[in-house]
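So the structure is just underneath, and the comments pick up after that.
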Amino acid sequence: MRLILAFLVLLGLSLPLHADDHEGLPAVPKATGEPHPEGNEYWRKNHMTLLLHDRDLTLREGEREDIRASLESCFDCHTVKDEAGEAVTIEDERHFCRVCHDYAAVKPDCFTCHRSTPSDNVANRLMATPEEPNSIAAYLERLKALEADESEASQ
Amino acid sequence: MTNRAEMTRRDILKSGAAVATLTLAPGVTLMTFGGSEANAARADAGKRWGLLIDANKCAADCSACVTACKTENGWGNDGGEHSGPETESAWIRKVTLRDKHTGRQVSAPVMCQHCESPPCVDVCPTGASMQRVDGIVLVDKHICIGCRYCMMACPFKARSFVHSDVPEQSVNAPRGKGVVESCTLCVHRVDRGRIPACVEACEASGNSAILFGDLKDPESPISRALKQYSSIALRADLELNPGVRYQNL
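Just so you know, the protein sequences line up as chains L and D, in that order.
Note that our numbering numbers the first sequence so that position 45 is 45, with each residue one more than the last.
For our numbering, count along the second sequence from 1 and bump the result up by 1000.
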């Protein structure tokens, strides 16, 4: 396992220089957005540990704001598009995760439950502001107004 | 962005666990982890989320809450070779009760009752069935082995087992074949300060039969309604103290 990882790290370092010399080795798809401050080597080696740690924080502790490793945010940057311009799913061997995982013969089982493409459904992603009608704050305000109306009507 | 490669153990403890430090005497400090003030961004032990469902306001022919839950969490259209009424997921379902003697008929939604002493958590052999500090009962699908003990233990038939592969799930609720699932009280919305999808849909339908709120706050509308009017817990004889309560059932 360590050998494979070391190999992947080496590969990441050498790819830009000698892309043509490494026929048959995975070509990691280019990402968009800001690069990871830790560097790609660190993420290639530690992505599972980071995801594992933060999944427990999110699911068990309910931490939603200070989360840096989530599959949802991975796909903000690491998405491969097909000919039609659609993001490819994990079923496609060009998928960002599959490129290296197929090479290393390690099957990630994240995607039996998690979505493997970016979602349009981003309405719930940010913290609610009181102006949003479905925020708890706005809901409680509506209840308060309703109660005031009722007590007025009964008088 | 923080560089996590350079974070020390101490940094992680400080940032991740939000340590509150209280100085008791010079040189003596008390450190607490979590708690309602120290860590507002996480599930809050000072709260307990609950629902109060008024069966008189719930229209028999309305299933807006069920539809909204399906859309929000992406269940109810699984298909596959094992699909059928027996195996279909049901996070929330409409139940109609009829009094044999008087003929009175009432309708109300039944979902996970988010018990204070949940039998599903008691029987889980892996710790996947769990309760958050704010009372929301969840399945940690990462460690669920699909044994379905919890489905047997639940007196409310609130849990479902996924029988077929689920492609391209909703980001709101990861779900897949071989694990148990149930109502999450829309934890992904509640954690970010939004009301659950069923509550929103019920209000939009004009019935407003579901009241959502914090049971630990005596001034919250739900607590005041519970204090003022008669309500029941389903299967009160089991003394599970559910977070979902019913009126006029």
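Just so you know, even glycine gets a beta-carbon here, dropped at the ideal spot from N, CA and C.
- Residues Asp1134, Asp1214, Lys1216 of the same chain have their beta carbon placed closer than 6 Å to that of Lys1047 (chain D), with the five preceding and five following residues left out of the count.
- Neighbours of Gln1228 (chain D) in chain L, taken as residues at a C-beta separation under 9 Å, are lacking, since the least C-beta distance is about 11 Å.
- Between Val80 (chain L) and His101 (chain L), the C-beta spacing is not below 8 Å.
- Judged by their CB atoms, Asp1165 (chain D) and Gly1080 (chain D) are nearer to each other than the 8 Å cut-off.
- Only residues of its own chain outside the window of five on either side were considered, and among them Val1162, His1163, Ser1164, Asp1165, Val1166 have a CB closer than 8 Å to the CB of Lys1177 (chain D), listed in chain order.
- In the structure shown, Ile1092 (chain D) adopts extended strand secondary structure according to DSSP, grouped into three states.
- Not a single CB atom of chain D sits nearer than 8 Å to the CB of Met48 (chain L).
- Between Met1111 (chain D) and Val1244 (chain D), the CB-CB gap stays under 8 Å.
- Straight across, the Cα-Cα distance linking Glu152 (chain L) with Asn134 (chain L) is about 26 Å.
- For the set D:Ala1055, D:Leu1052, D:Gln1228, D:Thr1071, the Cα lying nearest the Cα of Asn1172 (chain D) is the one of D:Thr1071.
- DSSP places Ile1053 (chain D) in the strand class (E or B) of the three-state scheme.
- According to the DSSP secondary-structure assignment, Arg1245 (chain D) is paired through a beta bridge with D:Leu1052.
- Residue state for Arg68 (chain L) is assigned as coil, using DSSP reduced to three classes.
- For the set D:Trp1049, D:Glu1086, D:Thr1096, the Cα lying nearest the Cα of Cys1058 (chain D) is the one of D:Thr1096.
- Within chain L, the residues placing a beta-carbon under 8 Å from that of Ser1170 (chain D) are Arg115, Ser119, Asn121, ordered along the chain.
- With its beta carbon less than 8 Å from one in chain D, Pro37 (chain L) belongs to the interface.
- For Val1123 (chain D), DSSP assigns no beta-bridge partner whatsoever.
- Excluding the 5 residues flanking it on each side, Leu1238 (chain D) has same chain C-beta neighbours closer than 7 Å at Pro1155, in chain order.
- Between Ile1195 (chain D) and chain L, the shortest Cβ-Cβ separation is below 8 Å.
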